[in-house]
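Notes follow the structure.
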Amino acid sequence: MKGRSVKKFCVLSMGFVVALAFCGVASAENAVKSGPQAGDSLGAFYVTKVAGAEDDGVDKNANLCYRCRNGRRPQVIVFTRATDGKVEELVKKLDKAVEANSSSKLRVFVNVLGEDKADATDEAKKLASSSKVKNIPFVVPNEFENGPDNYGINAKAEVTITLASSLGVKASHAAGSADELDIASVLGDLKKILN
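All residue numbers for the sequence shown refer to the numbering used here, where the first residue is -12 and numbers rise by one.
Structure representation (C-alpha coordinates):
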(Lines of atoms letter the chains of each structure in order from A and count residues from 1; the text may use other names and numbers.)
(Lines give C-alpha, C1' and ligand atoms only; values in the text may rest on other atoms or scores of the structure.)
Protein backbone atom coordinates (compact mmCIF):
# COMPACT_ATOMS: atom_id res chain seq x y z
CA MET A 1 0.00 0.00 0.00
CA LYS A 2 2.80 2.39 0.81
CA GLY A 3 4.34 2.01 -2.67
CA ARG A 4 0.98 2.69 -4.34
CA SER A 5 0.44 5.88 -2.25
CA VAL A 6 3.90 7.17 -3.13
CA LYS A 7 3.23 6.53 -6.85
CA LYS A 8 -0.10 8.37 -6.65
CA PHE A 9 1.56 11.25 -4.83
CA CYS A 10 4.33 11.45 -7.44
CA VAL A 11 1.85 11.36 -10.32
CA LEU A 12 -0.30 14.05 -8.67
CA SER A 13 2.77 16.19 -7.93
CA MET A 14 3.99 15.92 -11.54
CA GLY A 15 0.53 16.84 -12.79
CA PHE A 16 0.49 19.89 -10.52
CA VAL A 17 3.95 21.00 -11.73
CA VAL A 18 2.90 20.58 -15.38
CA ALA A 19 -0.29 22.58 -14.71
CA LEU A 20 1.71 25.38 -13.08
CA ALA A 21 4.18 25.44 -15.96
CA PHE A 22 1.31 25.57 -18.47
CA CYS A 23 -0.31 28.47 -16.59
CA GLY A 24 3.00 30.32 -16.53
CA VAL A 25 3.42 29.88 -20.28
CA ALA A 26 -0.19 30.88 -20.92
CA SER A 27 0.12 34.04 -18.82
CA ALA A 28 3.41 34.96 -20.54
CA GLU A 29 1.72 34.51 -23.92
CA ASN A 30 -1.18 36.72 -22.77
CA ALA A 31 1.14 39.52 -21.58
CA VAL A 32 0.48 42.68 -23.53
CA LYS A 33 3.36 43.96 -25.64
CA SER A 34 2.94 47.55 -26.73
CA GLY A 35 5.04 50.47 -27.90
CA PRO A 36 8.73 50.68 -28.68
CA GLN A 37 10.84 48.07 -26.89
CA ALA A 38 14.27 48.29 -25.25
CA GLY A 39 16.91 48.93 -27.91
CA ASP A 40 14.50 50.69 -30.31
CA SER A 41 14.98 54.30 -31.40
CA LEU A 42 12.52 56.85 -30.08
CA GLY A 43 10.63 58.33 -33.02
CA ALA A 44 9.18 61.82 -33.36
CA PHE A 45 5.44 62.45 -33.20
CA TYR A 46 3.18 65.49 -32.81
CA VAL A 47 0.71 66.27 -30.06
CA THR A 48 -1.52 69.09 -28.87
CA LYS A 49 -0.85 70.30 -25.35
CA VAL A 50 -4.11 70.30 -23.40
CA ALA A 51 -3.12 71.01 -19.79
CA GLY A 52 -0.44 70.78 -17.12
CA ALA A 53 3.19 71.91 -16.89
CA GLU A 54 2.25 75.58 -16.93
CA ASP A 55 5.90 76.64 -16.58
CA ASP A 56 7.34 74.56 -19.44
CA GLY A 57 7.13 77.38 -21.98
CA VAL A 58 4.52 75.67 -24.17
CA ASP A 59 1.10 77.29 -24.53
CA LYS A 60 -2.10 75.28 -24.26
CA ASN A 61 -3.40 74.19 -27.66
CA ALA A 62 0.12 74.36 -29.14
CA ASN A 63 0.90 71.55 -31.59
CA LEU A 64 4.45 70.28 -31.21
CA CYS A 65 6.72 67.28 -30.83
CA TYR A 66 7.36 66.97 -27.08
CA ARG A 67 9.68 64.05 -27.73
CA CYS A 68 11.74 66.38 -29.96
CA ARG A 69 11.56 69.20 -27.43
CA ASN A 70 12.87 66.86 -24.73
CA GLY A 71 15.77 65.92 -27.01
CA ARG A 72 18.25 63.43 -25.58
CA ARG A 73 17.10 63.99 -21.99
CA PRO A 74 15.73 61.06 -20.00
CA GLN A 75 12.01 60.91 -20.60
CA VAL A 76 8.97 58.83 -19.75
CA ILE A 77 6.18 58.80 -22.30
CA VAL A 78 2.82 57.54 -21.09
CA PHE A 79 0.03 56.56 -23.49
CA THR A 80 -3.26 55.88 -21.77
CA ARG A 81 -6.90 55.21 -22.53
CA ALA A 82 -7.76 55.33 -18.80
CA THR A 83 -7.49 58.43 -16.63
CA ASP A 84 -8.26 57.33 -13.09
CA GLY A 85 -7.15 54.85 -10.44
CA LYS A 86 -3.66 53.49 -11.02
CA VAL A 87 -3.02 55.88 -13.92
CA GLU A 88 -3.57 58.88 -11.66
CA GLU A 89 -1.38 57.26 -8.99
CA LEU A 90 1.40 56.67 -11.57
CA VAL A 91 1.21 60.26 -12.81
CA LYS A 92 1.54 61.63 -9.27
CA LYS A 93 4.58 59.45 -8.58
CA LEU A 94 6.19 60.41 -11.88
CA ASP A 95 5.64 64.08 -11.05
CA LYS A 96 7.56 63.57 -7.77
CA ALA A 97 10.29 61.76 -9.73
CA VAL A 98 10.65 64.77 -12.05
CA GLU A 99 11.18 67.03 -9.02
CA ALA A 100 13.57 64.59 -7.34
CA ASN A 101 15.62 64.20 -10.53
CA SER A 102 15.81 67.80 -11.70
CA SER A 103 19.61 67.54 -12.03
CA SER A 104 19.13 64.75 -14.60
CA LYS A 105 16.49 66.88 -16.39
CA LEU A 106 13.97 64.03 -16.34
CA ARG A 107 10.88 64.77 -18.45
CA VAL A 108 7.47 63.08 -18.51
CA PHE A 109 4.45 63.67 -20.72
CA VAL A 110 1.10 61.92 -20.74
CA ASN A 111 -0.71 61.16 -24.00
CA VAL A 112 -4.43 60.51 -23.65
CA LEU A 113 -5.86 58.31 -26.41
CA GLY A 114 -9.47 57.83 -27.47
CA GLU A 115 -11.82 57.24 -30.36
CA ASP A 116 -12.89 60.88 -30.36
CA LYS A 117 -10.38 63.75 -30.13
CA ALA A 118 -12.73 66.00 -28.16
CA ASP A 119 -13.39 63.23 -25.62
CA ALA A 120 -9.66 62.49 -25.30
CA THR A 121 -9.04 66.21 -24.74
CA ASP A 122 -11.70 66.33 -22.00
CA GLU A 123 -10.22 63.25 -20.31
CA ALA A 124 -6.71 64.76 -20.44
CA LYS A 125 -8.01 67.94 -18.78
CA LYS A 126 -9.77 65.90 -16.08
CA LEU A 127 -6.62 63.90 -15.34
CA ALA A 128 -4.53 67.05 -15.13
CA SER A 129 -7.04 68.59 -12.74
CA SER A 130 -7.57 65.54 -10.52
CA SER A 131 -3.87 64.63 -10.26
CA LYS A 132 -2.82 68.21 -9.43
CA VAL A 133 0.69 67.60 -10.79
CA LYS A 134 2.93 70.53 -11.70
CA ASN A 135 5.66 69.19 -13.97
CA ILE A 136 3.84 67.00 -16.46
CA PRO A 137 2.11 68.18 -19.64
CA PHE A 138 -1.04 66.33 -20.71
CA VAL A 139 -1.40 66.01 -24.45
CA VAL A 140 -3.50 64.41 -27.18
CA PRO A 141 -1.46 62.97 -30.08
CA ASN A 142 -2.37 64.01 -33.60
CA GLU A 143 -2.98 60.27 -34.13
CA PHE A 144 -5.33 60.25 -31.15
CA GLU A 145 -7.07 56.89 -31.59
CA ASN A 146 -4.06 54.63 -31.12
CA GLY A 147 -1.04 56.89 -30.85
CA PRO A 148 1.63 57.48 -33.46
CA ASP A 149 1.95 54.76 -36.11
CA ASN A 150 5.73 54.55 -35.60
CA TYR A 151 5.23 53.58 -31.92
CA GLY A 152 3.19 50.42 -32.46
CA ILE A 153 0.80 50.99 -29.56
CA ASN A 154 -1.25 47.83 -29.06
CA ALA A 155 -4.99 48.55 -29.39
CA LYS A 156 -5.55 46.05 -26.53
CA ALA A 157 -3.25 47.96 -24.16
CA GLU A 158 -5.04 50.44 -21.92
CA VAL A 159 -1.68 51.83 -20.77
CA THR A 160 1.71 51.86 -22.52
CA ILE A 161 4.80 53.41 -20.94
CA THR A 162 8.10 54.05 -22.71
CA LEU A 163 11.25 55.02 -20.79
CA ALA A 164 14.06 56.45 -22.91
CA SER A 165 17.24 58.50 -22.87
CA SER A 166 19.59 59.65 -25.63
CA LEU A 167 16.69 58.91 -28.02
CA GLY A 168 16.92 55.19 -27.27
CA VAL A 169 14.30 53.09 -25.50
CA LYS A 170 15.62 51.57 -22.28
CA ALA A 171 12.42 49.98 -20.93
CA SER A 172 8.79 49.49 -21.88
CA HIS A 173 5.70 48.60 -19.86
CA ALA A 174 2.15 47.84 -20.93
CA ALA A 175 -1.08 46.77 -19.28
CA GLY A 176 -4.21 45.44 -20.90
CA SER A 177 -6.13 47.09 -18.08
CA ALA A 178 -5.03 50.05 -15.97
CA ASP A 179 -5.79 47.90 -12.90
CA GLU A 180 -2.94 45.58 -13.97
CA LEU A 181 -0.41 48.42 -14.15
CA ASP A 182 2.74 47.60 -12.17
CA ILE A 183 3.69 51.06 -10.89
CA ALA A 184 6.60 49.81 -8.78
CA SER A 185 8.16 48.14 -11.83
CA VAL A 186 7.84 51.33 -13.91
CA LEU A 187 9.40 53.45 -11.16
CA GLY A 188 12.13 50.84 -10.67
CA ASP A 189 13.11 51.21 -14.33
CA LEU A 190 13.73 54.95 -13.94
CA LYS A 191 17.30 54.08 -12.94
CA LYS A 192 17.85 52.83 -16.49
CA ILE A 193 17.35 56.31 -17.95
CA LEU A 194 18.71 58.66 -15.27
CA ASN A 195 22.28 59.97 -15.52
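Built from N, CA and C at the ideal position, the CB exists for glycine as well. Predicted, not measured: the structure shown is a model, and the values here were computed from it.
Can you tell me whether residue i is helix, strand or coil according to DSSP?
| i | result |
| --- | --- |
| residue 4 | Here residue 4 scores only 42 on pLDDT, less than 50, and its place in the model is too uncertain to base an answer on. |
| residue 80 | helix |
| residue 152 | strand |
| residue 140 | coil |
| residue 167 | helix |
| residue 50 | strand |
| residue 159 | strand |
| residue 45 | coil |
| residue 21 | coil |
| residue 94 | strand |
| residue 120 | coil |
| residue 175 | helix |
Using C-beta distances below 8 Å, list every residue in its chain close to residue i, excluding the 5 sequence neighbours before and after it, in chain order.
| i | result |
| --- | --- |
| residue 136 | 130 |
| residue 19 | 141, 143, 144, 161, 162 and 163 |
| residue 76 | 170 |
Find the nearest neighbour of residue i within the set the options, judged by alpha-carbon distance.
| i | options | result |
| --- | --- | --- |
| residue 105 | 74, 37 and 18 | 37 |
| residue 66 | 51, 79, 95 and 48 | 95 |
| residue 61 | 175, 109, 156 and 151 | 151 |
| residue 39 | 154, 98, 102 and 177 | 98 |
| residue 190 | 33, 93 and 134 | Nothing in the structure corresponds to residue 190, since the chain is present only between -12 and 182. |
| residue 48 | 179, 126 and 31 | 126 |
| residue 100 | 69, 176, 74 and 116 | 69 |
| residue 74 | 33, 109, 176 and 114 | 114 |
Could you tell me if residue i is buried or exposed, where buried requires 16 or more neighbouring beta carbons within 10 angstroms of its beta carbon?
| i | result |
| --- | --- |
| residue 41 | exposed |
| residue 46 | exposed |
| residue 153 | exposed |
| residue 157 | buried |
| residue 183 | Outside the modelled stretch of the chain, which goes from -12 to 182, sits residue 183, for which no answer is possible. |
| residue 82 | buried |
| residue 89 | exposed |
| residue 118 | buried |
For residue i and residue j, I'd like the C-alpha separation in whole angstroms.
| i | j | result |
| --- | --- | --- |
| residue 91 | residue 35 | 25 Å |
| residue 169 | residue 26 | 21 Å |
| residue 87 | residue 139 | 31 Å |
| residue 29 | residue 59 | 10 Å |
| residue 63 | residue 102 | 23 Å |
| residue 121 | residue 112 | 13 Å |
| residue 180 | residue 71 | 26 Å |
For residue i, I'd like the list of residues in its chain whose CB is within less than 7 Å of its CB, leaving aside the five on either flank, ordered along the chain.
| i | result |
| --- | --- |
| residue 124 | 36, 39, 40, 43, 45, 53 and 96 |
| residue 107 | 99, 100, 101, 127 and 131 |
By Cβ distance below 6 Å, which residues in the same chain neighbour residue i in space, the five residues on each side in sequence not counted?
| i | result |
| --- | --- |
| residue 159 | 22, 24 and 149 |
| residue 147 | 21, 22, 66, 140 and 161 |
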